[in-house]
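Working notes for the structure below.
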Amino acid sequence: MNILNHDKIKLRIAESLHAAIEKYETGTTLNDIYTALGFPPDANFGHYAYPCFILSKALRNAPNKIAEKLAIEVDTNEAIESVIAAGPYVNFKIRPAFLGVNTCDEVLNGTMFTRTLAEQTPKTMIEYSQPNTHKELHVGHMRNICLGDALVKLHQYCGFDIISSTFPGDVGAHVAKCLWYLKYHNTDPIPTENKGAWLGTLYTKGHLKLESEIGTPQEAENKKQLSEVLTQLEHEAGEFYDMWKETRQWSIELMNNVYRWAGVHFDRWYWESEVDVPSVALVKKYYEQGLFVESKGTIGIDLSEYDLGFCMLIKSDGHGLYATKDIELARRKFEDFKIEKSVYVVDKRQAHHFAQVFKTLELMGFEHADKCYHLQYDYVELPDGAMSSRKGNIVPIMDLIDQMHASLKNGHLDKYKDEWTTEEMDNTADFIAKGAIKYGMIKIDPAKKIVFDMKEWLKTDGDAGPYLQYTYARINSMVKKLGGDVTGNVDWSSMEEEVAKHVMVKLSDFNNQAVQACLNSKPNILCTYLYELCKVFNTFYNHRSIRDEENKTIQATKLELSKCVAIAIKKGLGLLGIPVPDRM
RNA sequence: GGUCCGGUAGCUCAGCUGGAUAGAGCACCAGCCUUCUAAGCUGGGGGUCAUUGGUUCGAAUCCAAUCCGGAUCACCA
833 MNILNHDKIK
843 LRIAESLHAA
853 IEKYETGTTL
863 NDIYTALGFP
873 PDANFGHYAY
883 PCFILSKALR
893 NAPNKIAEKL
903 AIEVDTNEAI
913 ESVIAAGPYV
923 NFKIRPAFLG
933 VNTCDEVLNG
943 TMFTRTLAEQ
953 TPKTMIEYSQ
963 PNTHKELHVG
973 HMRNICLGDA
983 LVKLHQYCGF
993 DIISSTFPGD
1003 VGAHVAKCLW
1013 YLKYHNTDPI
1023 PTENKGAWLG
1033 TLYTKGHLKL
1043 ESEIGTPQEA
1053 ENKKQLSEVL
1063 TQLEHEAGEF
1073 YDMWKETRQW
1083 SIELMNNVYR
1093 WAGVHFDRWY
1103 WESEVDVPSV
1113 ALVKKYYEQG
1123 LFVESKGTIG
1133 IDLSEYDLGF
1143 CMLIKSDGHG
1153 LYATKDIELA
1163 RRKFEDFKIE
1173 KSVYVVDKRQ
1183 AHHFAQVFKT
1193 LELMGFEHAD
1203 KCYHLQYDYV
1213 ELPDGAMSSR
1223 KGNIVPIMDL
1233 IDQMHASLKN
1243 GHLDKYKDEW
1253 TTEEMDNTAD
1263 FIAKGAIKYG
1273 MIKIDPAKKI
1283 VFDMKEWLKT
1293 DGDAGPYLQY
1303 TYARINSMVK
1313 KLGGDVTGNV
1323 DWSSMEEEVA
1333 KHVMVKLSDF
1343 NNQAVQACLN
1353 SKPNILCTYL
1363 YELCKVFNTF
1373 YNHRSIRDEE
1383 NKTIQATKLE
1393 LSKCVAIAIK
1403 KGLGLLGIPV
1413 PDRM
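One gets this note's numbering by counting positions in the first sequence from 1 and adding 832 to each.
Pasting the structure below:
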């Protein structure tokens, strides 16, 4: 998957360099140069840097000599203001007018965000969020939702045709335990609202009760009752089946509440219950054909020659497993949507499971088996270990959201309580809560685990979502206050202060970062970029007052540049699923 | 034990397709609001990039070994 040379600034520098390097016949292509261009560690060196080590061998010359030579041979032009050799690097300073026309103007008119960024964009399904009904959604699920949603949006931004899907688990032992407890042991009245969360607590109680009664005379009776629940669910008839239909809806309502809050949408909800029976039938078919074998009363496939052990597909009681369903589901995804690639956003504990599933699909002759990818991430845990609904040590998503709202209203937003309507207060708190929670989930590299600490999460300063939202709101406010009084004409060439040029250079990097975040499946790259953009802007903002600027041209241009930053923040946060408040 | 993933400042992390003096945030210290939003800005202290060896002109980054932590390896999902 190639990234296209969409960055007009870098492309122009690369062209200038290429013209100088070409005559030495080193075989260095325009593309090589474009790719090698980077940023100097200290902005005082210049805006872009070209390292000359690469040419050293071909030219049989020391890198710093080459740099000196190139610095003389590369001419300044409408884009390049100066070329300076610094050790083995050639550093370029770009004219503000060129930066303005190719970056700011394009941000303002929107063309910056419609450039073609990636060469190959196969039609892809991204499956994320695999919650269970009859359990409560916790902050661990939130990481998955934030990550999955950001990936969907980033891919769409980069030109991919994306189908989003979710795969909730609405059948299985957890459902039976929950219904069992509800029927035989629950003494609470059924609440009128938040039934889904309440149901989740019953699952935990049920599980714990069953555990505690193992080895007691009660155990046999429990097993008998549980098995009756499962039988009724399987035959889709009886009291428990009716309970299942009703309680399932409570859980779906909870999921919908969370998804609504997060602003995520799924093109297709695949239910475990819909693939359960067909998946067992599929396995039996392949068993008869001889691909799958019997072992210890179960049916599965021996993958030990691939170091993947035995992949069990039908238990000795005749029921299927998670892998069974995923095999049937994989097939359906390609069939239902004619996709070319299938991505599963699931935490790393399932790595072995997916390795087995994909290998099994391959051996079954499934032509798209090599187009299935498990995108693994590390999960969220608590200071005292992994979260588990079974043990009941979870932080429900709604608790985090509620505490965040309260903390914001009693904190920074308190100063607006006499000025704002209740509605604006609630909306703003909600936007900032989304900024804090989603940014917090996404900014960490997916490969690293998150240890959740509520106290830390309620902080909104420093490298956090609210900082970026604050920068947006601040620009918005400034534009509102100054807008009418600024009468000068915009002229990018007036942006001679280094801080202003840094803002423009940083802005021009937007698409490079977005495409990296997308193709590497690391949305945290975009977080870092947006944070740095805000950092550079705030330095610029504090450096010299725009309001008090006497030169009308500079004043108008700086205000316009500020607008560009606001647009980029809004666009970038949008790709992460984070909204921006007009004021905060 | 096999496989996979992590180990960078007191804490949380970025940098990892090799390149300039290893960067942020939090915490700590010193400054900046008669307001373009202080959820901000400026400056300061703080590092054996787990360890050892290798490849290279050059290694936090690549390779190997070792140590620490975690996940996973047949009837849960």
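All C-beta atoms in this analysis are idealised placements derived from N, C-alpha and C, irrespective of residue type, glycine included.
Per the contact definition of three or more C-beta pairs closer than 8 Å, is the region 949–962 in contact with the region 836–852?
Taking 8 Å as the limit for Cβ pairs, the verdict is that the region 949–962 does touch the region 836–852.
Buried or exposed, going by whether 16 or more other CB atoms sit within 10 Å of the CB of Ser832?
A question about residue 832 goes unanswered here, because the residues of the chain that appear run from 833 up to 1416.
Select from Tyr1302, Tyr882, Pro1000 the residue whose C-alpha is nearest the C-alpha of Arg1415.
Among Tyr1302, Tyr882, Pro1000, the Cα nearest to that of Arg1415 is on Tyr1302.
Counting C-beta neighbours from all protein chains within 10 Å, is the total for Trp1101 16 or more, i.e. buried, or is it exposed?
Classification of Trp1101: exposed, given that the 10 Å Cβ count is below 16.
Candidates Phe945, Leu1042, Cys884, Tyr1304: which alpha carbon is nearest Gly1267's?
Comparing Cα positions, the closest option is Tyr1304.
Can you tell me the Cα-Cα spacing of Met1257 and Tyr1248, whole angstroms?
Using only the alpha carbons, I get a separation of about 8 Å.
Checking the sheet assignment: what are the DSSP bridge partners for His1206?
His1206 pairs with Tyr1176.
Report yes if the CB atom of Val1318 is closer than 7 Å to the CB atom of Gln1387, and no otherwise.
Contact flag set, yes.
What residue does the beta strand (DSSP E) around Lys925 start on, and which one ends it?
921–926 is the extent of the beta strand (DSSP E) around Lys925.
With three or more beta-carbon pairs closer than 8 Å as the criterion, would you say the region 919–934 touches the region 1059–1069?
With a cut-off of 8 Å, the region 1059–1069 and the region 919–934 do not count as touching, because too few Cβ pairs lie within range.
How is Ser1221 classed by DSSP in three states: helix, strand or coil?
Here Ser1221 sits in coil by DSSP.
So, using beta-carbon positions, are Tyr1211 and Gly972 closer together than 7 Å?
For Tyr1211 and Gly972, yes; Cβs fall inside 7 Å.
Do you know how far the Cα of Leu979 is from the Cα of Ala875?
For Ala875 and Leu979, the distance between alpha carbons rounds to 32 Å.
Given a cut-off of 7 Å on the beta-carbon distance, is the pair Glu1104 and Asp1002 in contact?
Cβ atoms of Glu1104 and Asp1002: closer than 7 Å.
Excluding five sequence neighbours on each side, which residues of the same chain lie with their C-beta closer than 8 Å to the C-beta of Lys1128?
Contacts found: Ser1148.
Applying the criterion that 16 or more other CB atoms from any shown protein chain within 10 Å of the CB defines a buried residue, is His1017 buried or exposed?
The residue is exposed, with fewer than 16 neighbouring Cβ atoms inside 10 Å.
Can you find the residues in the same chain that come closer than 7 Å, C-beta to C-beta, to Thr1371, ignoring five residues on each side of it along the sequence?
So the qualifying residues of the chain are Val1331.
Count the other CB atoms within 10 Å of the CB of Glu1160; is the residue buried (16 or more) or exposed (fewer)?
Answer is buried; the Cβ neighbour count reaches 16.
If you measure between the beta carbons of Leu1240 and Ala1261, is that distance less than 7 Å?
Yes, these two residues count as a Cβ contact at 7 Å.
Thinking just about the alpha-carbon of each residue, which of Asp1231, Ile1131, Ser1325 is nearest to the one in Tyr1119?
That would be Ile1131, whose Cα lies nearest to the Cα of Tyr1119.
Rounded to the nearest angstrom, what separates Lys1313 and Ile1307 at their Cα positions?
C-alpha separation (whole angstroms): 10 Å.
Label Glu1288 either buried or exposed according to how many other C-beta atoms from any shown protein chain fall within 10 Å of its C-beta, with 16 as the threshold for buried.
Glu1288 comes out exposed.
How would you call Met833, buried or exposed, if buried means at least 16 neighbouring beta carbons within 10 angstroms?
The predicted model places Met833 with a pLDDT of 43, which falls under 50 and marks its position as unreliable; any figure quoted below should be read in that light. With fewer than 16 other Cβ atoms within 10 Å, it is exposed.
So what does DSSP say about His970, is it helix, strand or coil?
Residue state, collapsed to three classes: strand.
Excluding the 5 residues preceding and the 5 following Val939 in the sequence, name in chain order all residues of the same chain whose CB lies nearer than 7 Å to its CB.
Excluding positions up to five away in sequence, the list reads Leu1339, Cys1396, Ile1399, Ala1400.
Answer yes if the region 850–863 comes into contact with the region 1350–1367, meaning at least three C-beta pairs across the two stretches below 8 Å, and no otherwise.
Too few Cβ pairs lie closer than 8 Å, so no.
Straight-line CA distance for Ala1279 to Gln1345?
The alpha-carbon atoms of Ala1279 and Gln1345 are separated by roughly 19 Å.
Flag this pair as yes or no: are the beta carbons of Leu1086 and Gly1004 separated by less than 7 Å?
No, these two residues do not count as a Cβ contact at 7 Å.
For Gln1081, is the classification buried or exposed, using 16 other Cβ atoms within 10 angstroms of its Cβ as the cut-off for buried?
Gln1081 should be labelled exposed.
Suppose you measure from the CA of Ala1201 to the CA of Phe1190; what does that come to, to the nearest Å?
Distance between the alpha carbons of Ala1201 and Phe1190 is about 6 Å.
Got a sec? Which residues, its chain only, sit under 7 Å from Leu862 by beta carbon, not counting five neighbours each side?
Cβ within range, chain order: Ala846, Glu847, His850.
Under the rule that 16 or more other beta-carbon atoms within 10 Å means buried, what is Asn1343, buried or exposed?
It is buried - the Cβ of Asn1343 has at least 16 other Cβ atoms within 10 Å.
Should Ala894 go down as buried or exposed, given a rule of 16 or more other Cβ atoms within 10 Å for buried?
It counts as exposed.
For Cys884, which option in Pro963, Val1112, Ala918 has the closest C-alpha, if you only look at C-alpha atoms?
Nearest of Pro963, Val1112, Ala918 to Cys884, Cα basis: Ala918.
Select from Phe992, Tyr1154, Ala911, Gln1235 the residue whose C-alpha is nearest the C-alpha of Ile796.
The requested residue 796 is not part of the displayed model; the chain covers only 833 to 1416.
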